[in-house]
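*Asks:* Sequential numbering of the sequence shown, starting at 128, is according to our numbering.
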Amino acid sequence: MQAHNQIKTFQLTRPDGEATDFVIKSTADIHEQMEANPDLIDHPHRHDYYTIIVVEKALGGVHVIDFKEYSLDQAAVHFVYPGQVHQFLSQSKPNGYVLNFSATFLMKNGISEELIDRVYLYNSYGDSPPMPVNDQQLSMLFGIIEQMKTYQQGDNYFRYEALGALLKLFIINISGACTLSHLNAEYESGSNQLIRDFKKLIRKNYKNTHKVQHYAAELSVSSDYLNRFVKEKTGKSAKDYIQDKLIIEAKRLLLFSEMSSKELAYELGFEEPSHFNSFFKKHSGQSPIAFRKAVREMV
């Protein structure tokens, strides 16, 4: 079992250890390295950058993202956002690629983070299921990655601009290919700006306020309207979204820190530790300390 300070938060680096903003790796190479060195076997960890994993077939095993398990039962694209806790446990050698890139890389290349966020606009916090792709879609994505590899390994003066353009094309193709593509037109119409703004506010303010009315006031709508609108579009109420965010952040802190339940309660904006303990147990089925113990025993 790893001690908490051995549970990794990785920064983005090249194979030589130097910091970078964009890296492509072969999933087969990563798998072989882990087989050769058991110490490298994947443990729960998190990144301070984006990760996209593309695999071409069913592998057996699971991909755990923010404590939710997704079966590796088909060709798919897997998204991992900065800060998400994940663990990729395949039973067979995966043929595919891992793309790692920073928010800075997106900014420098004029790629809006909303282009990525649109894929999971309607999902709860921490809910990042793999997106199945068919043979034609997979071939197109692999073709773009092959072009990326050429620029990553070359010395073209504009290679980073080329990588940025190809990454944008790659994400656009994912958005069009994923199972949520039927929502794209509605997304582009601007009718869901309210949901996008609401989720941005939660990311910014979840520690300071847990009340729907506070978010509604910031968005210049009533609490009833916000709840109805979010429920209609996503199947969950505005209150559910706020609570989902709190639970995910609490679980991350329990795994990656040694904060006591009392410290966690105040960190997440609960007035009383007992309120936090009751809230956490209601939504996870365990007390905070029991959850920490159970998860660390699995690491």
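Positions of the beta carbon are idealized from the N, C-alpha and C atoms, including for glycine.
Taking contact to mean at least 3 C-beta pairs separated by less than 8 Å, is the segment 233 to 240 in contact with the segment 182 to 199?
*Replies:* no
*Asks:* In whole angstroms, give me the CA-to-CA distance for Lys363 and Asn164.
*Replies:* Cα-Cα distance, rounded: 44 Å.
*Asks:* Per the DSSP calculation, Met258 is bridged to which residue(s)?
*Replies:* Val204
*Asks:* Per DSSP, what kind of secondary structure is Ser316 in: helix, strand or coil?
*Replies:* Caution is warranted here: a pLDDT of 47 is assigned to Ser316, below 50, making its placement in the model unreliable, and no coordinate value can be reported.
*Asks:* Near Ala289, what residues of its chain come up, given a Cβ to Cβ distance below 6 Å and the 5 sequence neighbours on each side ignored?
*Replies:* Tyr278
*Asks:* Quick check on DSSP: helix, strand or coil for Lys331?
*Replies:* helix
*Asks:* Roughly how many whole angstroms lie between the Cα atoms of Leu139 and Ile416?
*Replies:* 31 Å
*Asks:* Determine the direct distance from the alpha carbon of Arg173 to that of Lys195, and round the result to whole angstroms.
*Replies:* 14 Å
*Asks:* Per DSSP, Gly188 is paired with what?
*Replies:* Ser217
*Asks:* Measuring CB to CB, does Ile272 end up less than 8 Å from Ile151?
*Replies:* yes
*Asks:* In three-state terms, what does DSSP make of Leu226?
*Replies:* strand
*Asks:* For Tyr314, count the other beta carbons within 10 Å of its own beta carbon; 16 or more makes it buried, fewer makes it exposed. Which is it?
*Replies:* Bear in mind that the predicted position of Tyr314 carries a pLDDT of just 49, short of 50, making it unreliable; the figure below should be weighed with that in mind. Its Cβ being crowded by 16 or more others within 10 Å, Tyr314 is buried.
*Asks:* Evaluate contact between the segment 292 to 302 and the segment 260 to 274, counting only Cβ atoms and requiring at least three cross-stretch pairs below 8 Å.
*Replies:* Between the segment 292 to 302 and the segment 260 to 274 there are three or more inter-stretch CB-CB distances shorter than 8 Å, so the stretches are counted as touching.
*Asks:* Helix, strand or coil: which one does DSSP assign to Arg141?
*Replies:* Three-state DSSP puts Arg141 in coil, outside helix and strand.
*Asks:* Tyr342 and Phe325 look like a contact to me (Cβ under 8 Å); what is the Cβ gap, rounded to whole Å?
*Replies:* 6 Å
*Asks:* According to the Cβ coordinates, are Leu395 and Lys334 closer than 8 Å?
*Replies:* Their beta carbons are under 8 Å apart, which means Leu395 touches Lys334 by this criterion.
*Asks:* What are the boundary residues of the alpha helix (DSSP H) that Tyr352 is part of?
*Replies:* Ser350 to Thr361
*Asks:* So Thr178 is in the beta strand (DSSP E); what residue range does that whole segment cover?
*Replies:* Segment Tyr177 to Val182, the beta strand (DSSP E) holding Thr178.
*Asks:* Would you check if the distance between the CB atom of Glu241 and the CB atom of Ala230 is smaller than 8 Å?
*Replies:* no
*Asks:* Using the beta-carbon count (16 or more within 10 Å), is His131 buried or exposed?
*Replies:* The pLDDT assigned to His131 is 47, lower than 50, so where the model puts this residue is not dependable; a value taken from the coordinates is nonetheless given after this. Label assigned to His131: exposed.
*Asks:* Whole angstroms are fine: how far does the CA of Asn283 sit from the CA of Asp371?
*Replies:* Distance between the alpha carbons of Asp371 and Asn283 is about 45 Å.
*Asks:* Do Ala155 and Asn222 have their CB atoms nearer than 8 Å?
*Replies:* yes
*Asks:* Hey, Lys358 and Asn319 are a contact pair by Cβ (cut 8 Å); roughly how many whole angstroms apart?
*Replies:* Wrong, their Cβ atoms sit about 13 Å apart, outside the cutoff.
*Asks:* Flag this pair as yes or no: are the beta carbons of Ala203 and Val246 separated by less than 8 Å?
*Replies:* no
*Asks:* List the DSSP bridge partners of Ser198.
*Replies:* Val189
*Asks:* I think Phe356 touches Leu321, with their Cβ atoms under 8 Å apart; what is that distance to the nearest whole Å?
*Replies:* 6 Å
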